[in-house]
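For the sequence shown, the positions run 2 to 307 when the numbering used here is used.
Reading through the structure tokens given below for one structure.
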Amino acid sequence: MSALAPTRASLGRPGFLSEERVFLDRSLRRALRTPDVLVMAILLPILLMLMFTYVFGGAIQEDGAYVDYVVPGIVLLCAGFGAASTAVDVADDKESGIMDRFRTMPIRSWAVLTGHVAASLIRNLVATAAVIAVALLVGFRPNAGVFEWIATGGLVALYILAITYLFAAIGLAAGNAQAASGYGFILLFLPYVSSAFVPVDTMPSWLQWVADNQPITPIIETLRSLLTGVGEGQPVTALAWCLGILAVAVVWVAVLFPGGAPTASPLNRNEADVSQRCAVATRPHGCDTSRPGRAGTRRGARRRRL
2 MSALAPTRAS LGRPGFLSEE RVFLDRSLRR ALRTPDVLVM AILLPILLML
52 MFTYVFGGAI QEDGAYVDYV VPGIVLLCAG FGAASTAVDV ADDKESGIMD
102 RFRTMPIRSW AVLTGHVAAS LIRNLVATAA VIAVALLVGF RPNAGVFEWI
152 ATGGLVALYI LAITYLFAAI GLAAGNAQAA SGYGFILLFL PYVSSAFVPV
202 DTMPSWLQWV ADNQPITPII ETLRSLLTGV GEGQPVTALA WCLGILAVAV
252 VWVAVLFPGG APTASPLNRN EADVSQRCAV ATRPHGCDTS RPGRAGTRRG
302 ARRRRL
């Protein structure tokens with residue numbers, strides 16, 4: 002078992018949500034041991050923001066105010082990059098067999114994934130704060146008040162929670178970590194087909210329909226309205242999309258990762274085989290579990306003949 006796997010003693014239930022705290026600690030320690038993932042989740046959106054601001058910004062908006070337009074989209078792009086690593090982590094746990102081991106332990110099954118999701122939420126909020134800090138240095142000038150900043154933080158956190166649960170479901174559904182990374186990468190293209198970088202009305206008519214009817218555009222427009230007062234926000238639509246994605250992802254996770262021990266786990270298949278062989282023994286110590294292939298069946302058969 003992995004050195005980062007919780008033990009049975011650590012998974013006791015002294016208080017409410019103790020198991021979730023254990024798995025959250027496991028995921029955070031795992032993130033600290035792979036700092037390159039966090040660095041890339043922060044660095045890549047910052048580089049994209051700088052590129053769009055200084056390379057394309059002059060051609061898109063000559064007055065230099067393009068940074069105010071692009072920051073809300075970069076924030077969601079940052080959240081997507083950070084949440085994508087959750088799919089890889091979950092798929093890696095599933096492929097290594099440790100998730101099956103967790104399911105055989107007396108713990109709530111959803112506590113395992115809650116640790117992954119909560120750790121991703123913390124990492125992404127830190128990354129979002131770093132992106133906004135850099136944006137302020139390069140000229141981003143929001144005019145939001147205290148209420149608008151609180152609403153912005155709540156909407157960003159809800160979006161991160163929803164997209165992270167969706168990536169966790171993708172990690173469970175994928176065959177391996179490489180496949181999970183590929184499937185998750187598809188979702189990272191959604192911000193590019195939205196109002197994140199250019200107004201929707203500048204796109205071809207058929208693409209405008211796609212941009213207007215996907216979740217990223219109303220969320221970005223709401224963030225842009227809260228932070229800069231530009232445009233008309235769509236808070237009801239944005240909240241509906243976030244809650245809808247979260248509901249679908251939670252149901253998907255519940256279907257893919259139900260409670261109880263797995264029926265055909267690679268980790269307990271041999272143990273189940275030994276138990277079936279031991280069932281024929283009529284006396285104590287009639288089955289040698291150290292050699293399930295031959296010793297248990299020979300002793301049981303000898304006792305049956307006697």
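For glycine and all other residues, C-beta sits at the position ideal for the given N, C-alpha and C.
What number of angstroms, rounded off, separates the C-alpha of residue i from the C-alpha of residue j?
i              : j                 : result
threonine 115  : alanine 60        : 44 Å
tyrosine 166   : arginine 225      : 25 Å
alanine 145    : leucine 228       : 5 Å
leucine 159    : valine 231        : 22 Å
leucine 173    : glycine 245       : 19 Å
valine 40      : isoleucine 161    : 18 Å
alanine 175    : isoleucine 43     : 25 Å
threonine 87   : phenylalanine 148 : 31 Å
valine 254     : tyrosine 184      : 16 Å
methionine 52  : arginine 102      : 45 Å
serine 1       : asparagine 177    : The structure shown does not extend to residue 1, since the chain spans only 2 to 307, so no value can be given for it.
isoleucine 133 : cysteine 79       : 10 Å
alanine 248    : phenylalanine 57  : 37 Å
tyrosine 55    : leucine 48        : 11 Å
serine 182     : alanine 130       : 25 Å
glutamate 222  : alanine 163       : 18 Å
valine 89      : leucine 208       : 31 Å
Quick one: is residue i buried, meaning 16 or more other Cβ sit within 10 Å of its Cβ, or exposed?
i                 : result
valine 157        : buried
methionine 50     : buried
proline 46        : buried
glycine 301       : Low local confidence applies: a pLDDT of 47 at glycine 301 is under 50, so the model's placement there is unreliable, and no value is given.
aspartate 94      : buried
glycine 83        : buried
glutamate 233     : exposed
proline 73        : buried
asparagine 214    : exposed
valine 256        : exposed
leucine 77        : buried
proline 216       : buried
threonine 283     : Its pLDDT being 38, under 50, threonine 283 is placed unreliably in this model, and the value from its coordinates should be taken loosely. Answer is exposed; the Cβ neighbour count stays below 16.
methionine 100    : buried
phenylalanine 198 : buried
proline 219       : buried
isoleucine 187    : exposed
**Prompt:** Taking only runs of the alpha helix (DSSP H) that begin and end inside the segment 156-224, which ones reach a length of at least 4 residues, in chain order?
**Reply:** 178-188 and 206-213
**Message:** Between the segment 145-155 and the segment 240-247, can you find at least three pairs of beta-carbon atoms closer than 8 Å?
**Reply:** no
**Request:** Quick one: which unbroken alpha helix (DSSP H) runs of 4-plus residues sit fully inside the segment 69-107? Chain order, please.
**Result:** 99-104
**Contact the segment 68-83 vs the segment 128-143: 3+ CB pairs below 8 Å** = yes
**Asked** Taking contact to mean at least 3 C-beta pairs separated by less than 8 Å, is the segment 119-138 in contact with the segment 196-205?
**Response** With a cut-off of 8 Å, the segment 196-205 and the segment 119-138 do not count as touching, because too few Cβ pairs lie within range.
**Request:** Identify every run of the alpha helix (DSSP H) within the segment 228-264, keeping only runs that are complete inside it and at least 4 residues long; order them along the chain.
**Result:** Correct list: 236-257.
**Request:** Would you mind listing the alpha helix (DSSP H) stretches within the segment 110-143 that are 4+ residues and don't spill past its ends, in chain order?
**Result:** 110-138
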